[in-house]
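Colleague: In my numbering, the protein residues as written are 24 to 97.
All residues carry an ideal CB built from backbone N, CA and C; glycine is no exception.
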Ligand SMILES: [Zn+2]
């Protein structure tokens with residue numbers, strides 16, 4: 024069910040990607056998709072993942088596939 028993607032040379036699951044953005048463990052994550060934006064740091068492709076850090080929160084996380092850039096939107 025989960026679709027793994029390559030981020031900075033490593034295969035990550037949706038939950039792992041969400042945890043990279045959040046900086047700690049998350050409850051649940053949706054599947055990873057390609058974001059409609061390029062990385063502001065390196066121009067690389069950006070992945071998007073919706074996740075729940077806790078039962079009451081939903082966050083959209085963004086992570087560059089090529090560098091350390093990441094962002095979160097609540
Ligand atoms: Zn980048």
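#1: Note down, in chain order, each residue of its chain lying with its Cβ closer than 6 Å to the Cβ of residue 62, except the 5 sequence neighbours on either side.
#2: Helix, strand or coil for residue 43, going by three-state DSSP, please let me know.
#3: Given this structure, state the Cα-to-Cα distance separating residue 24 from residue 65, to the nearest angstrom.
#4: So, with DSSP's three-state summary, where would you put residue 24?
Modeller: The short version:
#1: 69, 87, 92
#2: helix
#3: Residue placement at residue 24 is poorly supported in this model, since its pLDDT is 46, which falls under 50; the coordinates still yield a value, given next. Going by the C-alpha atoms only, they are around 31 Å apart.
#4: Confidence at residue 24 is low in this model, with a pLDDT of 46, below 50, so its placement is unreliable and the value that follows should be read with caution. Residue 24 falls in the coil class under three-state DSSP.
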